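Engineer:
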Amino acid sequence: MVAMPFFAPGDDPGPDFAGLVRRVVGEPVTPQLSEDDRRRLVHGTTCLAVRYEHGVVMAGDRRATSGNWISHRTIEKVFPADRHSGVAIAGAAGPAVEMVKLFQLQLEHYEKVEGSQLSLEGKANQLSQMVRSNLPAAMQGLAVVPIFAGYDRHRDRGRIFQYDITGGRYEEADFATTGSGSMHASTVVKLGFAEGLGRDEAVDLAMRALWEAADEDSATGGPDLIRRIFPVVATIDTDGFERLADDELEARARSLVERLGGGEAP
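Position in the sequence shown (first residue = 1) + 43 = my numbering.
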């Protein structure tokens with residue numbers, strides 16, 4: 044158990060909570076994994092973000108895999124970072140969820156210490172530093188490749204940021220995808236995207252992209268109408284982060300099945 048740290052007035056650690064943790068606890072030990080260990084790792088897969096007229100839609104499938112096994116069917120991959128931003132994860136599930144929790148705590152810590160929120164770019168940069176800090180673990184097979192998106196109240200528009208395993212941060216104009224099914228999802232979004240998309244159109248496009256990704260990529264899970272398992276889909280706009288209810292997603296999934304199959308969904 045770590046004792047409560049105390050600092051002299053001239054030694055204030057400031058609003059960087061992640062830096063404070065490293066300072067008090069030290070850098071985490073990089074695991075040394077064998078090839079068999081890497082195959083047993085649980086991985087989250089396909090996530091995406093699409094900008095629409097008044098904000099951003101974020102979506103992720105629910106499947107997690109260990110090699111060729113389905114480890115979990117209902118994993119969560121899209122999370123609120125704070126009221127007006129969200130983060131979606133792909134890669135090693137354990138480190139990814141841990142990074143999200145630390146990121147959420149970092150943003151809350153900053154706001155309490157400084158009395159104001161970080162800018163959206165500041166949040167994107169903070170997540171970039173966390174991904175960069177994970178590079179030694181990523182080289183051992185524990186890579187985390189997130190998408191960060193939010194509503195920029197200063198610019199009055201949604202914005203999307205994508206990352207690589209080195210912490211490189213890249214702002215995307217219209218959409219971003221990550222995970223094993225990202226190539227297929229990206230193609231669907233690219234063909235369906237248009238400037239000025241409405242909320243409902245963007246949500247349907249995101250669900251269609253995940254559907255097509257699941258059709259081509261075994262690590263991506265499509266909507267399961269029998270078990271009532273649906274993607275996690277959230278919108279972020281001037282009113283904040285809002286996760287869509289499963290009842291709405293079920294209706295959209297059944298409508299999608301009918302359009303693609305030419306008949307009634309099971």
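Even for Gly, the Cβ is constructed at its ideal location relative to N, Cα and C.
Keep in mind the model is a prediction, meaning the values are calculated, not measured.
For residue 91, is the beta carbon positioned less than 7 Å from some heavy atom of the ligand NAP?
Structural biologist: Questions concerning the ligand NAP fall outside what the structure shown contains, since it holds no ligand whatsoever.
Engineer: Determine the extent of the beta strand (DSSP E) in which residue 98 is found, giving its start and end residues.
Structural biologist: For the purposes of this step, residue 98 is taken as residue 55 along the sequence shown, with counting starting at 1. Unbroken beta strand (DSSP E) run through residue 98: 98-103.
Engineer: Hey, how far is the Cα of residue 307 from the Cα of residue 214?
Structural biologist: Within the sequence shown, numbered from 1, the residue matching residue 307 stands at position 264. Within the sequence shown, numbered from 1, the residue matching residue 214 stands at position 171. Note that residue 307 scores a pLDDT of 48, beneath 50, so its modelled location is shaky and nothing firm can be said.
Engineer: Assign residue 92 to one of three DSSP states: helix, strand, or coil.
Structural biologist: To locate residue 92, count along the sequence shown from 1; it is residue 49. Assignment of residue 92 by DSSP, reduced to helix, strand and coil, places it in the strand class.
Engineer: Opposite residue 130 in the DSSP bridges: which residues?
Structural biologist: For the purposes of this step, residue 130 is taken as residue 87 along the sequence shown, with counting starting at 1. Answer is 122 and 191, bridged to residue 130.
Engineer: Between which two residues does the beta strand (DSSP E) holding residue 280 run?
Structural biologist: Numbered from its first residue, the sequence shown carries residue 280 at position 237. Unbroken beta strand (DSSP E) run through residue 280: 275-280.
Engineer: What's the gap between the Cα of residue 274 and the Cα of residue 266?
Structural biologist: Locating residue 274 in the sequence shown gives position 231, counting from the first residue. Locating residue 266 in the sequence shown gives position 223, counting from the first residue. Per the coordinates, the alpha-carbon of residue 274 lies some 6 Å from the alpha-carbon of residue 266.
Engineer: What three-state label does DSSP hand residue 267 in the structure shown?
Structural biologist: The residue given as residue 267 occupies position 224 in the sequence shown. Residue 267: strand per DSSP, three-state reduction.
Engineer: Roughly how many angstroms lie between the CA atoms of residue 189 and residue 230, to the nearest whole one?
Structural biologist: Locating residue 189 in the sequence shown gives position 146, where the first residue counts as 1. Locating residue 230 in the sequence shown gives position 187, where the first residue counts as 1. Cα to Cα, residue 189 sits roughly 19 Å from residue 230.
Engineer: Take residue 111 as the anchor and find which of 291, 298 and 262 has the nearest alpha-carbon.
Structural biologist: Here residue 111 refers to the residue found at position 68 when the sequence shown is read from its first residue. Minimum Cα distance to residue 111 is reached at 262.
Engineer: Using a threshold of 8 Å, state whether the C-beta atoms of residue 284 and residue 126 are closer than that.
Structural biologist: Residue 284 sits at position 241 when you count from the first residue of the sequence shown. Residue 126 sits at position 83 when you count from the first residue of the sequence shown. Yes.
Engineer: Looking at the unbroken alpha helix (DSSP H) that takes in residue 302, where does it start and where does it end?
Structural biologist: Mapped onto the sequence shown, residue 302 falls at position 259. Residues 289-304.
Engineer: So residue 184 packs on residue 88, CB below 8 Å; how close in whole Å?
Structural biologist: Numbered from its first residue, the sequence shown carries residue 184 at position 141. Numbered from its first residue, the sequence shown carries residue 88 at position 45. Incorrect: roughly 15 Å between the Cβ atoms, too far for contact.
Engineer: Can you tell me where the beta strand (DSSP E) holding residue 285 begins and where it ends?
Structural biologist: Here residue 285 refers to the residue found at position 242 when the sequence shown is read from its first residue. That run of the beta strand (DSSP E) goes 283-286.
Engineer: Would you mind reading off the limits of the beta strand (DSSP E) that contains residue 214?
Structural biologist: Here residue 214 refers to the residue found at position 171 of the sequence shown. The continuous beta strand (DSSP E) containing residue 214 extends over residues 212-215.
Engineer: Hey, out of 116, 302, 95 and 287, whose CA is closest to residue 242's CA?
Structural biologist: For the purposes of this step, residue 242 is taken as the residue at position 199 of the sequence shown. Of 116, 302, 95 and 287, the residue nearest in Cα terms is 95.
Engineer: At what residues does the beta strand (DSSP E) containing residue 146 begin and finish?
Structural biologist: As a first step, residue 146 is located in the sequence shown; it is residue number 103 there, counting from the start. Segment 136-157 is the alpha helix (DSSP H) holding residue 146; no beta strand (DSSP E) there.
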